[in-house]
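*Asks:* Take a look at the following structure, please.
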Ligand code: SAM
């Protein structure tokens, strides 16, 4: 595997993914009952935006750094955007050029009763993540394949404690391109058998839209109550060679999460988008209850 997230940390895709993640965690925390988070493709947990990898691509410059500039001039940003920026800032103490990975954002949001299982296949990335989460006894790093780990981790439990709520974040590097989609839908279908009420958040890249159609058709057949695709395009989605945007697919999302997230998408597109930037929310399946 050649993929290293350090080259891409803080880009527009990370911003969308992490804003949605923070919103999901906040929704879960509205109830006292404990929840369990599985991060199947966790990465190293913290990235240096001034380091060699991020500097080589400049993706954070066109991403979170642009958002920071725009947000500095906004008197009252939409609540979901304000909470995401605050969550990022809270991970940065003394390191203003650092940017958190998903497991660090989750770990920071956990309450005493909640748990995180973070899976990372690459040994050096997993070792770095163990260092980042070493202070947190609620978070555990599994240096293994996230899809295989999901079978062992659901239904969620910790010792004698069983969890009635779980969020599964699936954020693969898509090195296998379109071959990743059957892996995702297979893993989710299996996980739903073990834990039907699970909330799933799947990140996906957008190059040319037609390549997503088979994936969405398959998702619509999964036994979930609802499926919502939240997308941010930083340019029109007609270039097959570039990542024109990305989406977060939410399965069984918390009630009315779209009302929290939607107002934050316009400033994301304004800050990080080029001509033709846009955003959209699409229900692939909607709970009629
Ligand atoms: N979720 C992270 C975040 O938001 O900060 C970024 C994850 S990055 C897109 C994907 C990560 O998955 C990489 O660190 C890669 O090494 C790891 N990876 C690739 N295949 C994996 C697998 N089968 N199981 C677990 N981790 C894997």
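Numbering (our numbering), first residue to last: 18 to 306.
Glycine is no exception: its CB is placed at the ideal position from the N, C-alpha and C atoms.
How many whole angstroms separate the CB atoms of residue 98 and residue 292, which I take to be in contact at a CB cut-off of 8 Å?
*Replies:* Their Cβ separation, rounded to whole angstroms, is 22 Å, which puts residue 98 and residue 292 out of contact at 8 Å.
*Asks:* Just to confirm the assignment: which complete alpha helix (DSSP H) runs, minimum length 4, are found wholly within the segment 215-272?
*Replies:* 230-236
*Asks:* For residue 243 versus residue 269, is the C-beta spacing smaller than 8 Å?
*Replies:* yes
*Asks:* Grab the span of the alpha helix (DSSP H) containing residue 29 for me, first residue to last.
*Replies:* 29-45
*Asks:* With contact counted as at least three CB pairs below 8 Å, one residue from each stretch, are the segment 193-204 and the segment 232-247 in contact?
*Replies:* Enough Cβ pairs lie closer than 8 Å, so yes.
*Asks:* Report whether the distance from the Cβ of residue 198 to the nearest heavy atom of ligand 1 is below 7 Å.
*Replies:* no
*Asks:* Output yes or no for whether 8 Å exceeds the beta carbon distance between residue 275 and residue 298.
*Replies:* In this structure, residue 298 lies closer than 8 Å to residue 275 by Cβ.
*Asks:* Grouping DSSP H, G and I as helix and E and B as strand, with all else coil, what is residue 93?
*Replies:* Note: residue 93 maps to coil in three-state DSSP.
*Asks:* Taking the Cβ atom as the reference point for each residue, do residue 148 and residue 57 lie within a distance shorter than 8 Å?
*Replies:* No.
*Asks:* What number of angstroms, rounded off, separates the C-alpha of residue 136 from the C-alpha of residue 160?
*Replies:* 6 Å
*Asks:* Identify, in the order they occur along the chain, each residue of the same chain with its Cβ nearer than 8 Å to the Cβ of residue 27, setting aside the five sequence neighbours on each side.
*Replies:* 64, 66, 71, 76, 77, 80, 81, 82 and 116
*Asks:* Which residues does DSSP list as the beta-bridge partners of residue 11?
*Replies:* The requested residue 11 is not part of the displayed model; the chain covers only 18 to 306.
*Asks:* Taking the alpha carbon of residue 155 as the point to measure from, which residue in 266, 21, 192 and 53 has its own alpha carbon closest?
*Replies:* 53
*Asks:* Residue 62: which of 36, 143 and 48 sits nearest, CA to CA?
*Replies:* 143
*Asks:* With distances taken between CB atoms, is the gap from residue 96 to residue 88 smaller than 8 Å?
*Replies:* no
*Asks:* For ligand 1, I want to know if residue 260 counts as a neighbour, meaning its beta carbon is within less than 7 Å of at least one of the ligand's heavy atoms.
*Replies:* Residue 260: no, Cβ never under 7 Å from ligand 1.
*Asks:* Cβ-heavy atom distance between residue 263 and ligand 1 below 7 Å?
*Replies:* no
*Asks:* Please confirm whether any heavy atom of ligand 1 lies closer than 7 Å to the CB of residue 42.
*Replies:* no
*Asks:* Sorted by chain position, which residues of the same chain lie with C-beta nearer than 7 Å to residue 302's C-beta, five sequence neighbours on each side aside?
*Replies:* Sequence-distant partners of residue 302 (beyond 5 residues in either direction) whose C-beta falls short of 7 Å from its own C-beta, in its chain, are 237, 241, 243 and 244.
*Asks:* Mind checking whether the beta-carbon of residue 89 lies closer than 7 Å to any heavy atom of ligand 1?
*Replies:* Checking every heavy atom of ligand 1 against the Cβ of residue 89, none is found closer than 7 Å.
*Asks:* Which residues in the same chain have their Cβ closer than 6 Å to the Cβ of residue 267, if we skip the five residues on either side of it in sequence?
*Replies:* Here the set comprises 218 and 245.
*Asks:* Roughly how many angstroms lie between the CA atoms of residue 106 and residue 126, to the nearest whole one?
*Replies:* 13 Å
*Asks:* If I follow the unbroken beta strand (DSSP E) through residue 116, where does it start and stop?
*Replies:* 115-117
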